[in-house]
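When we follow the working numbering, the leftmost residue of the sequence shown carries the number 752, and every step to the right adds one. To start, the structure under review is shown below, and the notes come after it.
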Amino acid sequence: MTRKTLHIKNMVCQCCIRVIAEDLMKAGILPVRIQLGEAEVEYNEEEINEPRIREVIRNAGFEIITDRNSIICEQIKKAVIELVHYSNNVNSIIRKSDYLVEKMGMSYQQISKTFSKHENITLEKYIILHKIERTKELIMSNEYTLSEIAFMMDFSSVHHLSNTFRKTTGISVSEFKKDPVKHKKSIDSII
C-alpha cells in the first residue's frame with residue numbers, strides 16, 4: 752500500500768471533508784486522515800494511480816495542488832476560515848496576525864506577501880470579506896445583537912462594523928436584514 756498526502760484546494764467546511772472521504776472510499780482509496788485542505792490517503796498502486804486520484808478529487812469539485820505557494824495560500828485560507836468561522840470569538844482574544852504566524856510558522860510579512868502575490872487580494876481584505884460573511888450568518892441566526900456580533904467579529908464598535916459592512920457589500924446592515932438570502936455568499940465563493 753502506498754501512503755500519500757494530498758493538498759486540496761477549496762475545502763472550506765466539514766461537508767467538504769465528508770464528500771472527499773466518501774468519494775475516495777468509493778474509488779477504493781482509503782482516507783487515513785482528512786482535514787480542511789489536506790488528505791492523507793492509502794491505496795494500492797497496482798489498482799489506483801495518481802491521475803485516478805486527481806479525477807476523483809476533481810469530480811468532487813476540488814483540485815489537488817502541488818505548487819508550494821498554492822499550498823501555502825490554501826493553508827492561509829484554512830487558518831482564516833478556522834479563525835473567523837469556527838473559533839467563536841478567538842479573534843477578540845488574540846490578534847489575527849499572531850494566530851496566522853502561529854498556524855503557518857512564518858512571519859506575518861511573509862504570509863501577507865505570499866498571499867497577496869498569488870491570490871491578487873491583500874490578506875487583510877480577504878480576512879474582512881470572511882468577517883463580513885460570518886457577520887451575515889450571525890445576523891441571519893437572530894441569536895445575537897449587532898453589538899455582540901461586532902465584539903465577536905473583532906470590530907471596535909457597531910459603527911465600525913456597519914461602516915465596514917456597507918463598504919464591503921455596498922448595502923447597509925438594515926438593507927441586508929430585509930433580504931438576507933439574496934446577499935449571502937458561500938465561504939468557497941470568497942476568492
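Using N, Cα and C, we set each Cβ at its ideal position, and we do this for glycine too.
Under the 10 Å beta carbon count, I872 is surrounded by fewer than 16 other beta carbons and is classified as exposed. In this structure the region 796-804 touches the region 774-781; the number of beta carbon pairs closer than 8 angstroms is three or more. If you draw a straight line from the Cα of R784 to the Cα of E791, it is about 5 angstroms long. Relative to the Cα of T753, the nearest Cα in the group Q861, L880, D905 and I799 belongs to I799. A straight line joining the alpha-carbon of E814 with that of H869 spans about 16 angstroms.
Separation of the CB atoms of G788 and K829 is rounded to 5 angstroms, and the pair is thereby assigned contact status at 8 angstroms. In this structure V932 is exposed. Its beta-carbon is surrounded by fewer than 16 other beta-carbon atoms within 10 angstroms. Annotation: I862 to N914 spans about 27 angstroms, alpha carbon to alpha carbon.
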